[in-house]
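Visitor: For the sequence shown, position 173 matches number 181 in the numbering used here, and the numbering has no gaps at all. Glycine residues also receive a C-beta, built at the ideal position from the N, C-alpha and C atoms. Before I ask anything, here is the structure I am working with.
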Amino acid sequence: MQIRHSTNPKDAKHYDTTRLREEYLIESLMEQDKINLVYSQIDRVITGGAMPVNERLSLAAGDALRATSFLQRRELGIINVGGDGTVDVGGTEYALGKLDCLYVSRGEADPVFSSVDSANPALFYLVSTPAHTEYPTTKYTQQDANPIHLGSLETSNKRTIYQYIHEKGVRSCQLVMGLTLLDTGSVWNTFPAHTHDRRMEVYFYFNLGEDDRVMHLMGEPHETRHLVVKNHQAVLSPSWSIHSGAGTRNYGFIWAMAGENQAFDDMDAIDLNDFK
């Protein structure tokens, strides 16, 4: 498990490209028969990827958590962006197809990940946050999720937001999680951008081809920076940073938040004239 510390916006505006990528970009999440994890001290969020091909992969606490099991003091959100797979939680197997979600409660046994077909493996994207109480382990499909339609083709941002783990969906202690799919012909997400000083956010990009990229915008509104992001890479967004992007084609991204509250609409909108 890689450890990353939180950063100060006064310092971040002096980072060069290499330092920006080291602090905020998670480049390697999906590797064959591995679980990769990044522990960020920004609200103590753990971001990870599990790609079981020939082996079953167990999510263990490791030394970083000083816990008897991964979920001893944590909750977990899982969204599959690959082929069909299963997640075994304490002897109960949950089948997850593409874009299915599983919320796993605090106190559950270490989840075990596997793929149905090694030629088309599951790709499990993971986000975990500290939790002080338990809510039921729950599976949600894309059809179960709450859809919100936004944007238009005229502004190149026609998209659908699917809310999975949120106040009126799958209940959790503090984790909020879902995904956004851009329509063909649309490339912009979340612009004009916003911040939410009460929560951090993580973006995970998917449905991109080998030669596609997303220019992810971050930083303070008056000190914007960008990261060039590939398929299956993630970006950590501190509460003071905007989080937006434009791609070489339409794509999808999973968003996950943690912090002071779970109110999806708790955003601080930024006037276009203030962007620099």
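State the DSSP-derived secondary structure class of A58, mapped to helix, strand or coil.
Guide: Against the sequence shown, residue 58 aligns to sequence position 50. A58 falls in the strand class under three-state DSSP.
Visitor: Which runs of the alpha helix (DSSP H) fall wholly inside the stretch 43-127 and span at least 4 residues, in chain order?
Guide: Here the runs fully enclosed are 70-73.
Visitor: Once the 5 residues before and after I278 are set aside, which same chain residues still bring their CB inside 8 Å of it?
Guide: Walking along the sequence shown from the start, residue 278 turns up at place 270. Closer than 8 Å at the Cβ level, and outside the excluded window around I278, lie P200, A201, H202, T203, P229, I250.
Visitor: Tell me the DSSP bridge mates of Y32?
Guide: Mapped onto the sequence shown, residue 32 falls at position 24. Answer is none; Y32 lacks a bridge partner.
Visitor: Just how far apart, CA to CA, sit L65 and S122?
Guide: The sequence position of residue 65 within the sequence shown is 57, counting from 1. The sequence position of residue 122 within the sequence shown is 114, counting from 1. Each residue's alpha carbon lies about 7 Å from the other.
Visitor: Which value, in whole angstroms, describes the spacing of the CA atoms of R27 and G57?
Guide: Position 19 of the sequence shown holds residue 27. Position 49 of the sequence shown holds residue 57. Those two C-alpha atoms are separated by around 23 Å.
Visitor: Per DSSP, K147 forms a beta bridge with which residues?
Guide: The residue labelled residue 147 in the question sits at position 139 within the sequence shown. Answer is L110, bridged to K147.
Visitor: DSSP state of D274, grouped into three classes?
Guide: To locate residue 274, count along the sequence shown from 1; it is residue 266. Note: D274 maps to coil in three-state DSSP.
Visitor: Please report how far the alpha carbon of T146 lies from the alpha carbon of N88, in whole angstroms.
Guide: Along the sequence shown, one-based indexing puts residue 146 at 138. Along the sequence shown, one-based indexing puts residue 88 at 80. Looking at the two C-alpha atoms, the distance is approximately 14 Å.
Visitor: Under 7 Å, do T188 and I173 count as touching if we go by C-beta distance?
Guide: Your numbering for residue 188 matches position 180 in the sequence shown. Your numbering for residue 173 matches position 165 in the sequence shown. Their beta carbons are not under 7 Å apart, which means T188 does not touch I173 by this criterion.
Visitor: To which residues does DSSP link V135 through a beta bridge?
Guide: Position 127 of the sequence shown, counting from 1, holds the residue named residue 135. DSSP, once it has assigned bridges, lists T55, G85 as partnering V135.
Visitor: Which residues mark the beginning and the end of the alpha helix (DSSP H) in which A20 is found?
Guide: Numbered from 1 along the sequence shown, position 12 holds the residue referred to as residue 20. First-last of the alpha helix (DSSP H) with A20: 17-20.
Visitor: In terms of alpha-carbon separation, which member of M265, F261, F283 lies closest to R233?
Guide: For the purposes of this step, residue 233 is identified with residue 225 of the sequence shown, where counting begins at 1. Selected option, being the one with the closest Cα: F283.
Visitor: In chain order, what residues of the same chain have a beta carbon less than 6 Å from the beta carbon of D220, not counting five sequence neighbours either side?
Guide: As a working note, residue 220 is residue 212 in the sequence shown. Within the same chain, D220 has close Cβ partners T256, R257.
Visitor: Can you tell me whether G193 is buried or exposed, with buried defined as 16 or more other CB within 10 angstroms of its CB?
Guide: For the purposes of this step, residue 193 is taken as the residue at position 185 of the sequence shown. Classification of G193: exposed, given that the 10 Å Cβ count is below 16.
Visitor: Taking 7 Å as the cut-off, decide whether the C-beta atoms of E209 and M265 are in contact.
Guide: Against the sequence shown, residue 209 aligns to sequence position 201. Against the sequence shown, residue 265 aligns to sequence position 257. A contact, by the Cβ cut-off of 7 Å.
Visitor: By DSSP, does T26 sit in helix, in strand, or in coil?
Guide: As a first step, residue 26 must be located in the sequence shown, where it is residue number 18. DSSP places T26 in helix when its eight states are reduced to three.
Visitor: Hey, how far is the Cα of A139 from the Cα of D19?
Guide: Taking the first residue of the sequence shown as position 1, residue 139 is located at position 131. Taking the first residue of the sequence shown as position 1, residue 19 is located at position 11. Taking the straight line from one Cα to the other gives about 30 Å.
Visitor: List the DSSP bridge partners of P155.
Guide: As a first step, residue 155 must be located in the sequence shown, where it is residue number 147. According to DSSP, which records beta bridges pairwise, P155 is partnered with Y170.
Visitor: Taking the alpha-carbon positions, what's the V95 to P144 distance?
Guide: Counting from 1 along the sequence shown, the entry for residue 95 is found at position 87. Counting from 1 along the sequence shown, the entry for residue 144 is found at position 136. Rounded to whole angstroms, V95 to P144 spans 15 Å at the Cα level.
Visitor: Taking E211 as part of the beta strand (DSSP E), name the residues at either end of that continuous run.
Guide: For this step, residue 211 is matched to residue 203 along the sequence shown. A small correction: the amino acid at residue 211 is Tyr; Glu does not occupy that position in the sequence shown. Counting along the chain, the beta strand (DSSP E) containing Y211 begins and ends at 207-214.
Visitor: Going along the chain, which residues of its own chain have a beta-carbon closer than 7 Å to the beta-carbon of F212, five neighbours each way excluded?
Guide: If you number the sequence shown from 1, residue 212 lands on position 204. Hits under 7 Å: Y133, A242, F261, I262.
Visitor: Compare the beta carbon distance of D108 and T149 with 7 Å and say whether it is the shorter of the two.
Guide: Here residue 108 corresponds to residue number 100 of the sequence shown, with the count starting at 1. Here residue 149 corresponds to residue number 141 of the sequence shown, with the count starting at 1. Yes. Within cutoff.
Visitor: By Cβ distance, which residues of its chain are closer than 6 Å to K42, with the 5 residues on each side in sequence left out?
Guide: Along the sequence shown, read from residue 1 onward, the residue named residue 42 stands at position 34. Result list for K42: empty, nothing under 6 Å.
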